[in-house]
Ligand SMILES: [Zn+2]
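Residue numbers (our numbering): 1396 to 1528.
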């Protein structure tokens, strides 16, 4: 079962997968920025907009557990980054995003390294440099 939301371009009929928006969308304020594959328009969806859409279309009987997890993770990230300045909030948000998805996507080490990279940039202002032994 896929939950999707319409592209915001009125002339475009493309549906965008909400889970993918939340997992891979570029964090933008309290939401996500994604380019539509069909019309290339950049859409910005607020988290509350996505949550409302999911609730509206929710199948009360069958509810995949990873959706709950997704929403809770998003809310957690939102709560956490609230007190950071915007330029740091984005980096900390991405750190948390990669940490939360690392065990689920079959690319754990890569995701953990991305998290380290974002965290390093939040702390040092630059990407992590791996020291060759
Ligand atoms: Zn579109």
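Every residue gets a Cβ at the ideal spot worked out from N, C-alpha and C, and that includes glycine.
Exclusion of the five residues before and after residue 1497 leaves 1503, 1506, 1507 as the residues of its chain whose Cβ lies within less than 6 Å of its Cβ. The criterion of a C-beta distance shorter than 9 Å is not satisfied by residue 1424 and residue 1445.
In the three-state reduction of the DSSP assignment, residue 1433 falls in the coil class. The set of residues with a C-beta under 6 Å from any non-hydrogen atom of ligand 1 comprises 1402, 1404, 1407, 1409, 1431, 1433, 1434, 1436, given in chain order. Taking residue 1407 as reference, the option from 1524, 1434, 1526, 1484 with the minimal CA-CA separation is 1434.
In this structure, 1488 is the residue among 1472, 1488, 1477, 1528 with its C-alpha nearest to the C-alpha of residue 1512. Within the model, the alpha-carbon separation for residue 1523 versus residue 1480 is close to 21 Å. Excluding its 5 nearest sequence neighbours in each direction, residue 1441 has C-beta neighbours in its own chain below 7 Å: 1425, 1426, listed in chain order.
Taking 8 Å as the upper bound for CB-CB distance, residue 1517 and residue 1486 are in contact here, some 4 Å apart. Straight through space, the alpha carbons of residue 1509 and residue 1421 are spaced by roughly 14 Å.
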